[in-house]
Amino acid sequence: QQPVQSPQAVILREGEDAVINCSSSKALYSVHWYRQKHGEAPVFLMILLKGGEQKGHEKISASFNEKKQQSSLYLTASQLSYSGTYFCGTVYGGSQGNLIFGKGTKLSVKP
Amino acid sequence: NAGVTQTPKFQVLKTGQSMTLQCAQDMNHEYMSWYRQDPGMGLRLIHYSVGAGITDQGEVPNGYNVSRSTTEDFPLRLLSAAPSQTSVYFCASSSYFSGGADTQYFGPGTRLTVL
């Protein structure tokens, strides 16, 4: 069951901030965030594990609320290079680690 | 390290033809998977494998077969291509810990068109 991402799209000016949300109806073991630029493969940004451990990108932060089964990705002081489609992927407990992706959030950063 | 490689990059098939999409990784990853990406649908899991000789179905497995005879290779077979299988296909691999996949490394993708 795909996690739900919001918003579907967002347009920013350089330097502005954005938040992308990801929610699930099932209990989560971990949440992964990826960014994909047009015509390219998705690239890893961050993993948030149940229990609070995180690993990932230096300039992008995220949160994981296990009780609410939600995660948010925070993009601060956005740069032109942040443009792309952001996907959250969820791993459900007992699923052997299968990563199920949401439909994506398209982020456009304008000069 | 080459990472995850996929061949071919582009392919056009006629309805009913069969073909195999190749995927290989040189990172000694236990976990490998195939996704398809369609506009507005995100990435959907087709099949996955947690090690050589072990495969299982993902979200959208119908019309596809996989096998994993070695750690490095994970080919995806289309048995009888249909226009609904027109998509971009990504192979991914990761190490595997405590039942939760680690960072997924994606191949460059195969763009498949079925006429």
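Each protein sequence line maps, in turn, to chains W and B. Every letter in the first sequence is one number past the one before it in our numbering, and letter 88, counting from 1, is 88. Every letter in the second sequence is one number past the one before it in our numbering, and letter 39, counting from 1, is 39. Ideal placement from N, C-alpha and C gives every residue a C-beta, glycine not left out.
Three or more C-beta pairs under 8 Å: does that hold for the segment 21-38 of chain W against the segment 4-11 of chain W?
yes
What residue range is occupied by the uninterrupted beta strand (DSSP E) comprising Asp56 (chain B)?
Position 56 of the second sequence holds residue 56 (chain B). Its beta strand (DSSP E) spans residues Ile54 to Gln57.
Gly104 (chain W) to Tyr35 (chain B) span [Cα, whole Å]
Locating residue 104 (chain W) in the first sequence gives position 104, where the first residue counts as 1. Locating residue 35 (chain B) in the second sequence gives position 35, where the first residue counts as 1. Spanning the two alpha carbons is a distance of roughly 14 Å.
Of the listed residues B:Ser87, B:Glu72 and B:Thr71, nearest to Leu78 (chain B) (C-alpha basis):
Start at 1 with the first residue of the second sequence, and residue 78 (chain B) comes out as number 78. Closest by alpha carbon: B:Ser87.
In whole angstroms, what is the alpha-carbon distance linking Gln36 (chain W) and Val43 (chain W)?
Within the first sequence, the letter at position 36 stands for residue 36 (chain W). Within the first sequence, the letter at position 43 stands for residue 43 (chain W). Their backbone Cα atoms lie some 6 Å apart in a straight line.
Measuring CB to CB, does Ser63 (chain W) end up less than 8 Å from Asp17 (chain W)?
The sequence position of residue 63 (chain W) within the first sequence is 63, counting from 1. The sequence position of residue 17 (chain W) within the first sequence is 17, counting from 1. No, the Cβ-Cβ distance between Ser63 (chain W) and Asp17 (chain W) is not below 8 Å.
By the 10 Å Cβ neighbour count, where 16 or more other Cβ atoms means buried, how is Ser80 (chain B) classified, buried or exposed?
On the second sequence, residue 80 (chain B) is found 80 positions in, with the first residue counted as 1. Ser80 (chain B) is exposed by the Cβ-count criterion.
From which residue to which residue does the beta strand (DSSP E) around Asn62 (chain B) run?
For this step, residue 62 (chain B) is matched to residue 62 along the second sequence. That residue, Asn62 (chain B), is in no beta strand (DSSP E); it is neither H nor E in DSSP.
With 16 as the cutoff for other CB atoms within 10 Å, does Gln8 (chain W) come out buried or exposed?
Start at 1 with the first residue of the first sequence, and residue 8 (chain W) comes out as number 8. That one is exposed.
Within 8 Å, strictly: CB atoms of Tyr89 (chain B) and Tyr31 (chain B)
In the second sequence, residue 89 (chain B) corresponds to position 89, counting from 1. In the second sequence, residue 31 (chain B) corresponds to position 31, counting from 1. No, these two residues do not count as a Cβ contact at 8 Å.
Sort out for me which residues DSSP pairs Thr15 (chain B) with in a bridge.
Residue 15 (chain B) sits at position 15 when you count from the first residue of the second sequence. None, per the DSSP bridge assignment.
Measure from the alpha carbon of Leu49 (chain W) to the alpha carbon of each residue in W:Ala27, W:Ser108 and W:Val109, then state which is nearest.
The residue given as residue 49 (chain W) occupies position 49 in the first sequence. Nearest C-alpha to Leu49 (chain W): W:Ala27.
For a contact defined as C-beta to C-beta under 9 Å, what are the partners of Ile60 (chain W) on chain D?
Checking the listed chains, one finds no chain D in this structure; the protein chains it contains are W and B.
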